[in-house]
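Q:
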Amino acid sequence: MNYKQEQNLKQLDNETLVVGIDVSKEFHVARAEDIRGLELGKSIKFDNDIEGYEEFVQWFKQIMETENKTKVIIGMEPTGVYWLTLARWLKANGYKAVTVNPAATKKSKELDDNNQSKTDYRDARVIANLVKDGCYTEPNLLEGRLEEIRNASNIRRMITKDKVKKENQIINWLDRYFPEHRKCCSDWDSVTFLWMIKRYKFPSVIAAQDPEDVFQEIHKEHKHGIGRAMIKKIIEYAKKSVGITEGLSGASMEFDFIIEQYETLKSKLDGIEAYMDELMKESEDVKRIMEIKGIGLVTAVGIVSELGDIKNTNRQNK
Numbered sequence: 002m003n004y005k006q007e008q009n010l011k012q013l014d015n016e017t018l019v020v021g022i023d024v025s026k027e028f029h030v031a032r033a034e035d036i037r038g039l040e041l042g043k044s045i046k047f048d049n050d051i052e053g054y055e056e057f058v059q060w061f062k063q064i065m066e067t068e069n070k071t072k073v074i075i076g077m078e079p080t081g082v083y084w085l086t087l088a089r090w091l092k093a094n095g096y097k098a099v100t101v102n103p104a105a106t107k108k109s110k111e112l113d114d115n116n117q118s119k120t121d122y123r124d125a126r127v128i129a130n131l132v133k134d135g136c137y138t139e140p141n142l143l144e145g146r147l148e149e150i151r152n153a154s155n156i157r158r159m160i161t162k163d164k165v166k167k168e169n170q171i172i173n174w175l176d177r178y179f180p181e182h183r184k185c186c187s188d189w190d191s192v193t194f195l196w197m198i199k200r201y202k203f204p205s206v207i208a209a210q211d212p213e214d215v216f217q218e219i220h221k222e223h224k225h226g227i228g229r230a231m232i233k234k235i236i237e238y239a240k241k242s243v244g245i246t247e248g249l250s251g252a253s254m255e256f257d258f259i260i261e262q263y264e265t266l267k268s269k270l271d272g273i274e275a276y277m278d279e280l281m282k283e284s285e286d287v288k289r290i291m292e293i294k295g296i297g298l299v300t301a302v303g304i305v306s307e308l309g310d311i312k313n314t315n316r317q318n319k
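For the sequence shown, counting from 1, position 52 maps to 53 in my numbering; every step adds exactly one.
So, in structure tokens, the structure goes:
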């Protein structure tokens, strides 16, 4: 038995009602027992809405009254998203909600009767048994600014993932229509190269341009980071490109579609990172973590979004 399990068991006594819930999209199933594992009352199936939650509370309160219990601990698996609203509602109403590891639930069923089949009522009992044995964790349900930080971190992760997909699609397009792009420019998204690709798209068009004219055009929009040597190099490689020359109208539309999505995602990423920067200024936890050498804003925000209030984490680990 590990230290955490011992600490959990100390929170349970003869006055504790242990409840296990098998959560699902539209309804949940709950069963109750005492710390010896003796089932108390009948099981309940309740809807995933406020009426169902209130029905659930009345159900376990009735069992508590009948069995002379003064405390309740409610366990569930943190799978999917369906447990979150219930767990938050229970916490807001002063009830102790905990989570059990889905892998532990599966293993317990196998040890019980070597049957891995899943039924809502059976799983609810298994979850209650795990809680009774101290095999549970108190979920990190963040509030206020900390929840804002977690949401911002999740949004950034999603945008970054989509942006990488678009970057790969752009590179795929370049490999087909201007395969020499790696030789003439190490970074396809450099100011010079990207401007020329967006403006002219294909090597056959780029090859016909005058380097000085191109420089002057780019310089009107970008005052820095533009080099005549780079422009000349791109034009020279364009002249001897082996890129595909068929179906260019469709290829042009394809590129416009991909680059528009890429730039939209890039803009949104800049926006969410600016928002995260503002949140960081208001979070002492993020500031404290960023004092550690090698940890930047994104990493610090990610840590806080998972751990929540560092002071509370320290207390839980004592």
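C-beta atoms are modelled at their ideal positions from N, C-alpha and C, and glycine is treated no differently.
Given this structure, state the Cα-to-Cα distance separating F179 from D286, to the nearest angstrom.
A: By one-based count along the sequence shown, residue 179 stands at place 178. By one-based count along the sequence shown, residue 286 stands at place 285. Distance between the alpha carbons of F179 and D286: 48 Å.
Q: Going by DSSP in three states, N318 sits in which element: helix, strand or coil?
A: By 1-based counting over the sequence shown, the position of residue 318 is 317. With a pLDDT of only 44 at N318, under the threshold of 50, the placement of this residue in the model should not be trusted; the figure read from the coordinates follows. Residue state, collapsed to three classes: helix.
Q: In whole angstroms, what is the alpha-carbon distance linking E279 and K166?
A: In the sequence shown, residue 279 corresponds to position 278, counting from 1. In the sequence shown, residue 166 corresponds to position 165, counting from 1. The alpha-carbon atoms of E279 and K166 are separated by roughly 28 Å.
Q: Rounded to the nearest angstrom, what separates G95 and I156 at their Cα positions?
A: Residue mapping note: residue 95 aligns to position 94 of the sequence shown, counting from 1. Residue mapping note: residue 156 aligns to position 155 of the sequence shown, counting from 1. Roughly 30 Å separates the two Cα atoms.
Q: DSSP three-state label for L280, please.
A: Numbered from its first residue, the sequence shown carries residue 280 at position 279. Here L280 sits in helix by DSSP.
Q: Provide the residue span of the beta strand (DSSP E) that contains G42, from first to last.
A: Your numbering for residue 42 matches position 41 in the sequence shown. Unbroken beta strand (DSSP E) run through G42: 40-48.
Q: Just verifying my parser: in three-state terms, what is the DSSP assignment at V192?
A: The residue labelled residue 192 in the question sits at position 191 within the sequence shown. Correct three-state label for V192: helix.
Q: What is the DSSP secondary structure of V243, counted as helix, strand or coil?
A: The residue given as residue 243 occupies position 242 in the sequence shown. In this structure, V243 counts as coil in the three-state DSSP scheme.
Q: As a quick exercise: from V127, R89, L91, pick the residue whose alpha carbon is nearest that of A104.
A: Position 103 of the sequence shown, counted from the first residue, corresponds to residue 104. It is V127 whose Cα lies nearest to the Cα of A104.
Q: Tell me the rounded alpha-carbon separation between L10 and K43.
A: Within the sequence shown, residue 10 is the residue found at index 9, counting from 1. Within the sequence shown, residue 43 is the residue found at index 42, counting from 1. Taking the straight line joining both Cα atoms gives about 25 Å.
Q: What separation, rounded to the nearest whole angstrom, lies between the Cα atoms of F194 and A98?
A: Reading the sequence shown from its first residue, position 193 is the one you call residue 194. Reading the sequence shown from its first residue, position 97 is the one you call residue 98. If you take the alpha carbons of F194 and A98, they lie about 55 Å apart.
Q: Given this structure, state the Cα-to-Cα distance separating K241 from S268, to the nearest angstrom.
A: Taking the first residue of the sequence shown as 1, we reach residue 241 at position 240. Taking the first residue of the sequence shown as 1, we reach residue 268 at position 267. Using only the alpha carbons, I get a separation of about 35 Å.
Q: Would you be able to state if there are at least three C-beta pairs under 8 Å between the region 144-158 and the region 211-221?
A: Too few Cβ pairs lie closer than 8 Å, so no.
Q: On a CA-only basis, which of I236, H220, T138 is nearest Q8? Give me that one, please.
A: Position 7 of the sequence shown, counting from 1, holds the residue named residue 8. It is T138.
Q: For H29 versus D35, is the C-beta distance shorter than 8 Å?
A: To locate residue 29, count along the sequence shown from 1; it is residue 28. To locate residue 35, count along the sequence shown from 1; it is residue 34. No, they are not a contact pair.
Q: Do L270 and T161 count as a contact pair if the criterion is CB distance below 8 Å?
A: Here residue 161 corresponds to residue number 160 of the sequence shown, with the count starting at 1. Here residue 270 corresponds to residue number 269 of the sequence shown, with the count starting at 1. Result yes, Cβ atoms of T161 and L270 sit closer than 8 Å.
Q: Around the C-beta of H182, are 16 or more other C-beta atoms found within 10 angstroms, so that it is buried, or is it exposed?
A: On the sequence shown, residue 182 is found 181 positions in, with the first residue counted as 1. Buried: at least 16 other Cβ atoms inside 10 Å.
Q: Given P140, which residues of its chain have a CB within under 8 Å of its CB, disregarding the five upstream and five downstream residues?
A: Along the sequence shown, one-based indexing puts residue 140 at 139. Here the set comprises P79, A88, A98, V99, T100.
Q: Between which two residues does the alpha helix (DSSP H) carrying R183 extend?
A: Locating residue 183 in the sequence shown gives position 182, where the first residue counts as 1. Note, R183: alpha helix (DSSP H), 182-185.
Q: Leaving aside the five residues before and after G228 along the sequence, list all residues of the same chain whose C-beta is less than 8 Å from its C-beta, in chain order.
A: Within the sequence shown, residue 228 is the residue found at index 227, counting from 1. So the list reads T193, once near-sequence residues are dropped.
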